[in-house]
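Structure record follows, encoded as structure tokens.
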Amino acid sequence: MPGITSKIFSITSTQKKLLTVVIFLAITLISFINDGFTNGRVLCPILAITGHQCPGCGSIRSVAAFSQGDLLASFTYNPITFALTALLLTSIFLPNSYLRLNNYIVKILNLNNRVMLTLTIVALFVGSWIITLIRW
């Protein structure tokens with residue numbers, strides 16, 4: 071009997087696009103209501119303990135700014151979230167462009183897709199954290 075996970079991953083491309091639009095619109099609406107999540111308590115335990123931001127700090131504000139069309143603020147709040155949001159939207163709405171870029175990079179570096187994805191995510195986290203620490 072298939073579980074919920076297999077049902078989630080078996081949705082069609084059109085359903086993925088519709089779900090993405092609905093989630094993005096919900097985030098946009100909530101971010102406008104909450105002033106882009108720029109006010110309020112900081113919930114990051116690393117920031118509370120060390121006084122330094124972690125790679126995930128500013129992610130919610132970054133997505134909120136991205137959804138409102140303020141791309142510079144989105145990048146400023148958290149570069150990795152900006153990149154991942156753009157990558158996610160590109161992979162859903164422009165899958166051919168995303169696949170061409172992915173295949174090009176995989177061919178140049180002679181890697182398989184799983185290794186490429188892992189290296190990309192690690193590089194984004196490390197690069198983001200370095201940028202964040204330099205700004206301090």
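Using our numbering, the first residue of the sequence shown is number 71, and each one after it goes up by one.
For each residue, glycine too, the CB sits at the ideal point set by N, CA and C.
Note that the structure is a prediction, hence the values are computed from the model and not measured.
What did DSSP end up calling L164 once you bin it into helix, strand or coil?
coil
To the nearest angstrom, how far is it from the Cα of I198 to the Cα of T84?
Strictly speaking, residue 198 in this sequence is Ser, with Ile absent from that position. Distance between the alpha carbons of S198 and T84 is about 32 angstroms.
Could you check which residue in S144, L154, L89 has the C-alpha nearest to that of Y168?
L154
Rank S137, P125, C114, T160 by C-alpha distance to the C-alpha of L99 and give the top, closest one.
S137
What is the rounded straight-line gap between the Cα of K86 and the Cα of F152?
20 angstroms
Quick one: Cα of M71 to Cα of T82, how far?
Confidence at M71 is low in this model, with a pLDDT of 48, below 50, so the placement of that residue should be treated as unreliable; the coordinate-derived value is given next. Near 20 angstroms, if we compare the C-alpha coordinates of T82 and M71.
Burial state of P165 (16 or more Cβ within 10 Å)
exposed
Using DSSP with H/G/I as helix, E/B as strand and the rest coil, what is Q123?
coil
Tell me whether T82 sits in a helix, a strand or coil according to DSSP, three-state version.
coil
Determine the burial state of V133: buried for a count of at least 16 other Cβ atoms within 10 Å of its Cβ, exposed for fewer.
buried
State yes or no: is the C-beta of A135 within less than 8 angstroms of the C-beta of Y147?
yes
With 16 as the cutoff for other CB atoms within 10 Å, does R170 come out buried or exposed?
exposed
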